[in-house]
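Single-structure report; data block below.
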Amino acid sequence: MDVDWTQLPPELVETIAKRQKIYADYIRLRSVCRTWRYSTIKYPDHLPPQLPWLMFPQRQPNPSRRALYNLSSGKFHFLNLPEASHNKRLCGSSHGWLTILDDSPTIVLVNPITREKVYLPPVSTFPNVIAFSYSNVGREYVTVRGLIDRERPETVSLRHMRDWFIKKLVLSSSPKRNRFATMAILHSSELAYCKQGDQSWTILETVLGYSEDVVYFNGLFYAVNKFGQTVVCDVSGDSPTVSFLVMTPQLGGDLQYLVGSGQELLLVTRYIDVEMDLDDVAEIPEHLGYKTRRFEVFRLNWRESEWERVRNLGDSMLFIGQNCSLSLQASDFSGCLGDRIYYTDDYSENSCYGERDMGIFKLEDESLETLPSSSRSLDSRPLWVSPNPS
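Okay, so the sequence shown: first residue is 180 according to the working numbering, each after it adds one.
Structure (structure tokens):
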């Protein structure tokens, strides 16, 4: 006897939908029939962190169109994202939300799935921005490099502030959750934060230099410097509290990343080599390239306040770059393998030649695999974006 699945009770369809862990599977379930679609919400809020897409920079002739690479299927998909076109800069992703800057003080978070927007306090409200006026064309901002350097202000343009003021933003949670907080890593090596409802940003004055990376882990922000030394920032109260983990400096490596993986806090150290086109040695600045050589991973020993070397990640996959660093279990996603670090180019300048430095690193045998790459774009770098409908 044939079964008419369209006649399932709505509450049963809803129960089945809530058991879906992959957003693509949830979408397929809703597309079975009209009854199932009406029995479920369009944007579910029960899903765990999803496998990130690799988002590529805009390309002419359609600057609103973005290519997205699906690691699980190995296929490309395309998304119209007008919010990030026309001289906009993608300044990273966190919890599935993109940070977008333009030639104005506006800072906006955009969810590429739902197209919702959340506005953060503008660039002009950072304490190290002491004046702003559109009338001073080409010199719209007056800034100081550090709060103690107010005797030497400098004037900078809208474009300069768009590209060289904020390095990366990290969210404590999706902006749709109550009381989310945002930590900004500035190119001046400072950290600043704002909380939901704030009208301006606050500089954490005692953590200058802890600007390699920031991660939100177990209710607190953790920030790391060039030597793997780590500071803990609690911004949940009326006044922020900062505590420094006393640890031996990690010598070596070019870039540091922090990743929360289950109940462990990981430090990922990236080693980079400089490559040169010898045929054009007379024009060295125009023909330098950078390639990742290897990574080292450490876990924090909380008792000893020391980083301990990790030789194998097991089932874990780490995603690092301009995104908020992320750890997932490979067994939760088809076509994925554990003990891998998926990395993008979040450091080299647009003037460098060749393709972006991005790929897959297997920790145990230190082998490198390729990812689909792209030539350099003037507006942004490829980055990982986790689809998050909530």
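All C-beta atoms in this analysis are idealised placements derived from N, C-alpha and C, irrespective of residue type, glycine included.
On a predicted model such as this, the values are computed, not experimentally measured, just so you know.
_Helix, strand or coil for L191? Go by DSSP, reduced to three states._
If you number the sequence shown from 1, residue 191 lands on position 12. In this structure, L191 counts as helix in the three-state DSSP scheme.
_Between the alpha carbons of Y248 and N241, how many angstroms are there, rounded?_
Taking the sequence shown and counting its residues from 1, one reaches residue 248 at position 69. Taking the sequence shown and counting its residues from 1, one reaches residue 241 at position 62. When rounded, the distance between both Cα atoms is 18 Å.
*Whole angstroms is fine: what's the gap from T409's alpha carbon to P236's?*
For this step, residue 409 is matched to residue 230 along the sequence shown. For this step, residue 236 is matched to residue 57 along the sequence shown. Between T409 and P236, the C-alpha separation is close to 32 Å.
_Do K374 and A360 have their beta-carbon atoms positioned less than 8 Å apart in this structure?_
Numbered from its first residue, the sequence shown carries residue 360 at position 181. Numbered from its first residue, the sequence shown carries residue 374 at position 195. Yes, these two residues count as a Cβ contact at 8 Å.
*asked:* Please classify S530 as buried or exposed, where buried requires at least 16 other C-beta atoms within 10 Å of its C-beta.
replied: What you label residue 530 is simply residue 351 of the sequence shown in a count that begins at 1. Low per-residue confidence applies at S530: pLDDT is 45, beneath 50, and the placement is therefore not dependable, though the value from the model is reported in the following sentence. The residue is exposed, with fewer than 16 neighbouring Cβ atoms inside 10 Å.
*Looking at the unbroken alpha helix (DSSP H) that takes in D169, where does it start and where does it end?*
No answer is possible for residue 169: it lies beyond the span of the chain, which begins at 180 and ends at 569.
*Below 8 Å on the Cβ atoms is my guess for N567 versus I292; work out the distance and round it to an integer in Å.*
Taking the sequence shown and counting its residues from 1, the one referred to as residue 567 is at position 388. Taking the sequence shown and counting its residues from 1, the one referred to as residue 292 is at position 113. Indeed, because the Cβ distance is near 7 Å, the residues count as touching under 8 Å.
*In angstroms with no decimal places, state the Cα-to-Cα distance between S484 and M426.*
The count along the sequence shown starts at 1 and reaches residue 484 at position 305. The count along the sequence shown starts at 1 and reaches residue 426 at position 247. One C-alpha to the other measures close to 6 Å.
*Output the distance between the C-alpha atoms of K197 and H225, rounded to the nearest integer angstrom.*
Here the question's residue 197 lines up with position 18 in the sequence shown. Here the question's residue 225 lines up with position 46 in the sequence shown. Taking the straight line joining both Cα atoms gives about 7 Å.
_Reduced DSSP category for D536 - H, G, I as helix; E, B as strand; rest coil_ = Working through the sequence shown from its first residue, we reach residue 536 at position 357. In this structure, D536 counts as coil in the three-state DSSP scheme.
*Burial state of R358 (16 or more Cβ within 10 Å)*: Residue mapping note: residue 358 aligns to position 179 of the sequence shown, counting from 1. With fewer than 16 other Cβ atoms within 10 Å, it is exposed.
*At which residues does the beta strand (DSSP E) containing L505 begin and terminate?*
Against the sequence shown, residue 505 aligns to sequence position 326. Run containing L505: L505 to Q508, per the beta strand (DSSP E) assignment.
*CA-CA distance, D524 and K267?*
Walking along the sequence shown from the start, residue 524 turns up at place 345. Walking along the sequence shown from the start, residue 267 turns up at place 88. Cα to Cα, the separation comes out at about 19 Å.
*Kindly indicate which residue of L277, D536 and W343 has the alpha-carbon position closest to the one of R472.*
Counting from 1 along the sequence shown, the entry for residue 472 is found at position 293. Among L277, D536 and W343, the Cα nearest to that of R472 is on D536.
*Measuring alpha carbon to alpha carbon, tell me which of L233, A203 and L424 ends up nearest W481.*
Here residue 481 is taken as the residue at index 302 of the sequence shown, counted from 1. Ranking L233, A203 and L424 by Cα distance to W481 puts L424 first.
*Is it right to say G493 is buried, meaning 16 or more other beta carbons lie within 10 angstroms of its own, or is it exposed?*
Counting from one through the sequence shown, the residue named residue 493 turns up at place 314. Exposed is the call here.
*Taking all protein chains shown into account, do 16 or more other C-beta atoms lie within 10 angstroms of the C-beta of D441, making it buried, or fewer, making it exposed?*
As a working note, residue 441 is residue 262 in the sequence shown. Note that residue 441 is Gly in the sequence shown here, rather than Asp. The residue is exposed, with fewer than 16 neighbouring Cβ atoms inside 10 Å.
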